[in-house]
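**Student:**
In my numbering, the protein residues as written are 2 to 200.
(1) For residue 182, which residues of its own chain have a beta-carbon under 7 Å away from its beta-carbon, when the five flanking residues on both sides are left out?
(2) Distance, Cα to Cα, residue 52 vs residue 92?
(3) Residue 36 lies in the alpha helix (DSSP H); which residues open and close that run?
(4) Nearest-angstrom Cα distance between residue 165 and residue 139?
(5) Among the residues of its own chain, which have a CB less than 8 Å from the CB of residue 196, if the five just before and after it don't count?
(6) Whose C-alpha, out of 98, 137, 96, is nearest the C-alpha of residue 126?
(7) Quick one: any contact between the stretch 14-30 and the stretch 68-84, if contact means 3 or more CB pairs under 8 Å?
(8) Find out if the Cβ-Cβ distance for the pair residue 130, residue 67 is shorter than 8 Å.
(9) Would you kindly work out how many angstroms separate the C-alpha atoms of residue 192 and residue 60, rounded to a whole number?
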């Protein structure tokens, strides 16, 4: 495992993988971007678990999938990337073809914001409704941002819900820009610079 030599709190045991996926699927049920892609409830419920694995599933093998009290986070460590062929296949198979041009343009607009230097990437963090506001999300963020500070590494994410910007800012993330493409919901790339820790 890529992250096996890194001390992370709330690391997911093998038998809890499905629980992490469920929490993320429930957590994104009202996300503007996800529901733009899959407005039909049945399609969303059937597709989002697959999208979760495509965009962040490598975190399980890397040992950087985290879970705590109804909240799941899939962190990709430096050198580990989403399964882009699987993501492209899901877009082709499950999203209205009339929307494909918008998604392609969105991808072009967002790509330049991805850091060129080694970084941690958070494709997905989601909490069940009963877990929100209980500190679980903060705990899963701090588990990795602590490592970022110790190793002086960047962290990066793409916020798809403006209501969550404040949460990420409290974890040290900064807004890079606001990206608007046609009628797609606002996307907000965010980056976190490592902070020196006082011993």
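Note that the Cβ used here is the ideal one computed from N, Cα and C, for glycine as well. These figures come from a predicted structure and were not determined experimentally.
**Tutor:** Concretely, from the data shown:
(1) The beta carbon of residue 182 sits closer than 7 Å to those of 103, 106, 107, 110, all from its chain and outside the five residues before and after it, given in chain order.
(2) The straight-line gap separating the alpha-carbon atoms of residue 52 and residue 92 is approximately 9 Å.
(3) Segment 33-38, the alpha helix (DSSP H) holding residue 36.
(4) So the two alpha carbons sit approximately 12 Å from each other.
(5) Counting only Cβ-Cβ distances below 8 Å, and skipping sequence neighbours, we find 150, 173.
(6) Checking every option, the nearest Cα to that of residue 126 belongs to 137.
(7) A contact exists between the stretch 14-30 and the stretch 68-84.
(8) Not a contact, by the Cβ cut-off of 8 Å.
(9) Going from the Cα of residue 192 to the Cα of residue 60 covers about 19 Å.
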